[in-house]
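Chains as they are written, first to last, in the working numbering: chain A, 34 to 394; chain B, 107 to 617.
Don't be surprised by glycine CBs; every beta carbon is placed ideally from N, CA and C.
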Amino acid sequence: MIKLEKRPQPSRALALATPLIAVFITMIAGGLLFWALGKNPFEAIRTIFWDPLFHEQFASYSRPQLLVKAGPLILIAIGLSLGFRAGIWNIGAEGQYIMGAICGAGVGLAFYPSESFLIFPMMVVAGALGGWAWAMIPALLKVKFGTNEILVSLMLVYVAEQLLASMSLGLLRNPEGHGFPGSRNLKDYAAAHNGELIAGTGMHWGIVAAFIAVIFAYVLLNRHILGFNIRLTGEAPRAARFAGVNPTRLILFCLGTAGALAGLAGLFEVSGPAGQISIDFNVGYGFTAIIVAFLGRLHPVGILLAGLLMALTYIGGELAQLMLSLPSAAIQVFQGMLLFFLLALDLLTNYRIRIAVKGAA
Amino acid sequence: MTGTLLSIRGLTKAYPGVVANDNVSFDIQEGEVHALLGENGAGKSTLVKMIYGLVKPDSGEMTWRGGAFAPPEPKAARASGVAMVFQHFSLFDALNVAENVALGMENPPSMRDLARRIRRVSEAYGLPLDPNRTVGDLSAGERQRVEIIRCLLQDPKLLIMDEPTSVLTPQEVEILFQTLNKLKSEGTSILYISHKLEEIRTLCDHATILRLGKNVGECVPADTSARDMAELMVGDTLQTPTRTTEKTGDVMLDVSGLSLEPSNPFGTTLKNIHFTVHAGEILGLGGVAGNGQDELLAALSGESTTWPDAVKVKGEDVGHLGPNARRARGILAAPEERLGHAAAPDMSLVENALLTGAMRKGLTQNGFVNWSGSTAFADDIIKAFDVRTPGSDRAARSLSGGNLQKFVIGREVLQDPEVLVVNQPTWGVDAAAAAAIRQALLDLAAKGAAIVVISQDLDELMEISDRFGALNEGRMSDIRPAAGLTIDEIGLMMGGAHGMEVAHIDEGAGA
Chain A
34 MIKLEKRPQP
44 SRALALATPL
54 IAVFITMIAG
64 GLLFWALGKN
74 PFEAIRTIFW
84 DPLFHEQFAS
94 YSRPQLLVKA
104 GPLILIAIGL
114 SLGFRAGIWN
124 IGAEGQYIMG
134 AICGAGVGLA
144 FYPSESFLIF
154 PMMVVAGALG
164 GWAWAMIPAL
174 LKVKFGTNEI
184 LVSLMLVYVA
194 EQLLASMSLG
204 LLRNPEGHGF
214 PGSRNLKDYA
224 AAHNGELIAG
234 TGMHWGIVAA
244 FIAVIFAYVL
254 LNRHILGFNI
264 RLTGEAPRAA
274 RFAGVNPTRL
284 ILFCLGTAGA
294 LAGLAGLFEV
304 SGPAGQISID
314 FNVGYGFTAI
324 IVAFLGRLHP
334 VGILLAGLLM
344 ALTYIGGELA
354 QLMLSLPSAA
364 IQVFQGMLLF
374 FLLALDLLTN
384 YRIRIAVKGA
394 A
Chain B
107 MTGTLLSIRG
117 LTKAYPGVVA
127 NDNVSFDIQE
137 GEVHALLGEN
147 GAGKSTLVKM
157 IYGLVKPDSG
167 EMTWRGGAFA
177 PPEPKAARAS
187 GVAMVFQHFS
197 LFDALNVAEN
207 VALGMENPPS
217 MRDLARRIRR
227 VSEAYGLPLD
237 PNRTVGDLSA
247 GERQRVEIIR
257 CLLQDPKLLI
267 MDEPTSVLTP
277 QEVEILFQTL
287 NKLKSEGTSI
297 LYISHKLEEI
307 RTLCDHATIL
317 RLGKNVGECV
327 PADTSARDMA
337 ELMVGDTLQT
347 PTRTTEKTGD
357 VMLDVSGLSL
367 EPSNPFGTTL
377 KNIHFTVHAG
387 EILGLGGVAG
397 NGQDELLAAL
407 SGESTTWPDA
417 VKVKGEDVGH
427 LGPNARRARG
437 ILAAPEERLG
447 HAAAPDMSLV
457 ENALLTGAMR
467 KGLTQNGFVN
477 WSGSTAFADD
487 IIKAFDVRTP
497 GSDRAARSLS
507 GGNLQKFVIG
517 REVLQDPEVL
527 VVNQPTWGVD
537 AAAAAAIRQA
547 LLDLAAKGAA
557 IVVISQDLDE
567 LMEISDRFGA
577 LNEGRMSDIR
587 PAAGLTIDEI
597 GLMMGGAHGM
607 EVAHIDEGAG
617 A
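Listed below in structure tokens is the structure:
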């Protein structure tokens with residue numbers, strides 16, 4: 034019989050090293066997978082991890098993509114991590130992301146073709162509010178009626194997707210778009226466009242916001258009593274009650290912040306890289322951010338690194354599909370391995386395995 | 107039947123950093139009540155776990171009626187005839203008695219058969235119990251009966267009882283002892299673990315005394331004074347806490363008409379509780395566990411709120427306020443459950459100092475935490491209360507129970523409370539630490555604080571309280587001066603035998 038035994042004082046060095054070890058083991062196991070598929074494992078691993086950044090031909094295109102993809106992941110994951118730390122499970126960031134995009138783009142398009150410099154800031158506020166309001170639905174239902182926020186927030190993703198379809202076919206459809214679904218392209222609307230801040234880097238306002246969120250979350254969790262209360266609630270809910278934490282306020286704060294950040298991510302995406310509201314605008318950032326949050330072990334700096342790593346495997350994965358004609362399923366298995374090994378190593382850091390010999394009864 | 111049932115020779119068990127049992131030897135005779143006496147941490151639990159097959163000894167051997175005995179797991183120990191009643195019951199509140207008993211059996215018979223057997227055994231041993239009652243509705247004494255009957259159904263040769271009386275009123279203890287005596291008269295041996303000396307003197311034929319994992323003495327309890335046994339157990343002369351003041355001042359805490367529905371379905375409803383505590387006074391509240399102690403602490407700490415004037419501190423209504431608002435007004439609390447309630451297990455002692463100290467110690471500024479201030483506060487607690495730990499950066503979980511309890515009590519005492527409410531301040535704490543905690547409470551009272559001590563340890567309450575009351579099914583008894591109360595009077599205040607039928611052990615002995 035195999036038993037898990039909690040380690041009294043888990044090694045700190047090991048806890049910090051596990052993500053790196055997990056990446057390393059993933060490379061080995063992934064290499065074996067690619068080898069079994071008849072590809073050169075070293076070339077495949079190099080294509081995924083190295084070429085997106087340093088290949089002389091593709092890097093100029095894929096390097097900016099790193100920030101473009103990592104930005105929304107980090108921004109959303111930071112918001113989610115606050116709730117996850119407190120044991121509040123917002124699974125519906127994807128929906129909040131969509132609502133942020135719709136509200137933000139809606140405000141911008143409402144003023145078309147005004148060129149006021151106030152338009153973009155107003156869109157930012159509207160995007161945050163849209164995501165916040167969408168997250169307030171599960172929050173208020175939980176606080177008032179004790180509903181499960183996991184179910185409600187998840188279901189609201191599908192509601193948001195329907196709303197997105199309706200918006201791109203109806204209210205926000207481009208009047209000059211010859212009947213095609215989708216809104217006006219904000220790239221052609223300077224006052225509302227979230228363009229690259231430094232040409233060729235992929236850096237846009239969303240990335241700036243993500244970095245600010247990382248710093249904000251770090252200070253909150255380590256220096257502020259509210260962050261302490263969040264951690265306390267996650268680790269010992271009864272002790273938190275005793276310490277005077279108001280659970281209602283904490284739920285509203287955590288879900289609200291997560292929603293607002295997801296909404297911001299949606300707004301920056303729609304006004305920048307995506308450019309327009311369309312039926313297939315969302316590509317799953319809200320769900321992937323859950324993985325990013327845990328990969329970064331709910332720590333702001335960890336999330337920053339995990340977001341970049343995740344973005345890298347996406348871009349590298351696409352590149353490997355293109356160049357080595359690896360099936361996309363193999364790339365997904367590879368990404369799954371990364372999470373699997375991280376969680377497995379995590380468990381072994383906190384627990385030790387005891388193999389108990391089953392004695393004769 | 108005479109002869110040796112179980113013989114233990116040189117049992118040793120070491121855990122990293124501590125030797126739990128060091129070369130322990132003793133014998134249990136057939137039909138004997140054998141006491142295993144020692145402080146918390148003396149190694150009693152480890153020893154019985156080895157007998158019960160839960161822990162394997164590092165060295166040493168046991169013989170059972172002359173044959174080698176080394177149970178690899180509890181199932182094997184049970185098959186040999188060892189049964190154990192644990193200190194903490196493992197029962198499911200929502201199931202009935204028979205279902206709970208069936209859950210512990212290898213091959214449970216049909217429910218009808220089982221109910222019949224439970225009835226028969228329970229009547230034979232004077233432990234009346236209805237197999238169809240829901241466990242959540244039973245008193246602590248009745249729950250213990252479920253555990254005992256679960257053991258008796260196995261027809262044990264050796265019954266191990268771990269601190270069985272800690273949840274019983276004196277009257278209920280009386281009933282239990284009659285049952286144990288009947289078992290003994292039928293030839294069952296009993297290994298009785300306790301640190302309560304008087305009951306060992308009444309019940310047990312022989313005692314083995316453990317200290318720091320070693321067998322430090324054996325005696326016949328009836329011929330040995332409680333004081334002598336205590337000194338063997340502690341290894342030192344006992345220090346009795348001293349009190350310096352007798353006079354009391356103004357009313358600091360005034361609870362009137364406090365009623366409260368519990369937050370979980372098997373909690374206790376507080377019913378119309380009235381009492382006052384004066385400056386410089388210690389009010390001791392006894393009662394069997396589960397009679398409203400946790401709920402009363404929550405109502406006083408602010409975790410549960412009621413209407414404003416149900417709780418008054420220095421005349422000000424606080425019943426509607428949360429924990430931090432109450433702390434600001436001078437009323438602090440220390441709950442019973444150290445890990446998870448009074449302290450967060452995986453957080454450092456610094457963070458745990460902040461947990462309740464943020465308000466009164468001014469450890470936050472505009473919401474930002476003053477970590478150096480929190481560290482200083484944690485270090486103060488560690489120093490003033492002699493908390494044994496390598497440093498304040500250690501996780502609360504890594505401290506022993508007694509050390510963490512000193513930290514928890516110290517954290518509240520060092521905030522200079524005007525009213526302090528503590529629940530089970532010395533539960534699971536060794537005698538020296540317990541004495542230090544009691545002395546700290548007495549000193550705090552001497553400085554003019556009003557203190558409410560909720561405890562199940564009657565000796566402790568008699569030692570430090572000025573007045574005594576008891577909680578019984580969410581109601582408060584009359585509150586009377588502690589001096590001069592007899593054990594019978596206290597037992598009646600605690601609810602007597604809780605409606606449990608008195609054992610009638612002379613009839614139906616043919617089980």
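Taking 8 Å as the cut-off, does the region 90-109 of chain A touch the region 314-325 of chain A (at least 3 CB pairs, one atom from each stretch)?
yes
Applying the 10 Å Cβ sphere with the 16-neighbour rule, what's the burial state of A:Ala-394?
Confidence at A:Ala-394 is low in this model, with a pLDDT of 36, below 50, so its placement is unreliable and the value that follows should be read with caution. The residue in question, A:Ala-394, is exposed, as its Cβ has fewer than 16 Cβ neighbours within 10 Å.
Identify the continuous beta strand (DSSP E) that holds B:Glu-324 and give its terminal residues.
320-325
From A:Ile-348 to A:Pro-74, what distance separates their C-alpha atoms?
18 Å
For A:Phe-314 and A:Leu-65, the rounded distance between their alpha carbons
35 Å
Backbone CA spacing between B:Leu-526 and B:Leu-548 [nearest angstrom]
12 Å
The alpha helix (DSSP H) spanning A:Thr-372 covers which residue range?
Rather than Thr, the amino acid found at residue 372 of chain A in this sequence is Leu. Element bounds for A:Leu-372: 361-383.
Which residues DSSP lists as bridging B:Thr-330, in chain order:
B:Thr-330 pairs with nothing; no bridge assigned.
Near-chain B residues of the region 222-233 of chain A (beta-carbon distance less than 8 Å), N- to C-terminal order
none
Which same chain residues end up closer than 7 Å to B:Gly-210 when comparing Cβ atoms and leaving out the 5 residues on each side of it in sequence?
Arg-256
Start and end residues, beta strand (DSSP E) containing A:Asp-130:
Strictly speaking, residue 130 of chain A in this sequence is Tyr, with Asp absent from that position. Segment 126-143 is the alpha helix (DSSP H) holding A:Tyr-130; no beta strand (DSSP E) there.
Indicate whether the contact test is met: 3 or more Cβ pairs, each with one atom in the region 527-541 of chain B and one in the region 471-488 of chain B, closer than 8 Å.
no
My output table needs one value for B:Pro-587: the three-state DSSP class, helix, strand or coil.
strand
Quick one: which unbroken beta strand (DSSP E) runs of 3-plus residues sit fully inside the region 136-200 of chain B? Chain order, please.
139-143, 165-170, 173-175 and 188-191
Can you say whether B:Lys-489 is buried or exposed, counting buried as having 16 or more other CB atoms within 10 angstroms of its CB?
exposed
Considering only DSSP beta bridges, list what B:Phe-474 is partnered with.
A:His-257 and B:Gln-471
Three-state secondary structure (DSSP) at B:Asn-529?
strand
So, does the CB of B:His-447 fall closer than 8 Å to a CB anywhere in chain A?
yes
Can you tell me the Cα-Cα spacing of A:Pro-171 and B:Gly-319, whole angstroms?
55 Å
Pull up the distance between the alpha-carbon of B:Leu-201 and that of B:Leu-598, whole angstroms please.
30 Å
Buried or exposed: where does B:Asp-594 fall if 16 or more other Cβ atoms within 10 Å of its Cβ makes it buried?
exposed
Beta-carbon of A:Trp-165 versus every beta-carbon of chain B: anything under 8 Å?
no
From which residue to which residue does the beta strand (DSSP E) around B:Leu-438 run?
437-440
Across the region 286-293 of chain B and the region 116-133 of chain B, are there enough close Cβ pairs to call them in contact, namely three or more that are closer than 8 Å?
no
With distances taken Cα to Cα, identify the nearest neighbour of A:Ala-273 among B:Gly-497, B:Gly-428 and B:Gly-398.
B:Gly-428
Where does A:Gln-195 land, buried or exposed, given buried means 16+ other C-beta within 10 angstroms?
exposed
If distances are taken between C-alpha atoms only, which option among B:Glu-367, B:Phe-372 and B:Gln-277 comes closest to B:Ile-379?
B:Glu-367
In chain A, which residues lie with their C-beta within 7 Å of the C-beta of B:Phe-474?
Arg-256 and His-257
Give me the residue from B:Pro-414, B:Gly-408, B:Lys-418 and B:Gly-363 with the minimum Cα distance to B:Val-383.
B:Lys-418
Give the single residue among B:Val-161, B:Thr-374, B:Ala-332 and B:Thr-354 whose Cα lies nearest to the Cα of B:Gly-393.
B:Thr-374
CA nearest to the CA of A:Trp-238, picked from A:Leu-70, A:Leu-100 and A:Pro-52:
A:Leu-100
Taking three-plus beta-carbon pairs below 8 Å as touching, is the region 115-129 of chain A in contact with the region 283-298 of chain A?
yes
With DSSP as the reference, label B:Ala-395 as helix, strand or coil.
coil
Give me the chain A residues within the contact set of B:Met-685, using Cβ-Cβ distance strictly less than 9 Å, ordered along the chain.
With chain B running from 107 to 617 in the structure shown, residue 685 of chain B is simply not present.
Counting contacts by CB-CB distance shorter than 8 Å, is B:Ala-459 in contact with chain A?
no
So with Cβ pairs under 8 Å, would you call B:Ser-407 a contact of chain A?
yes
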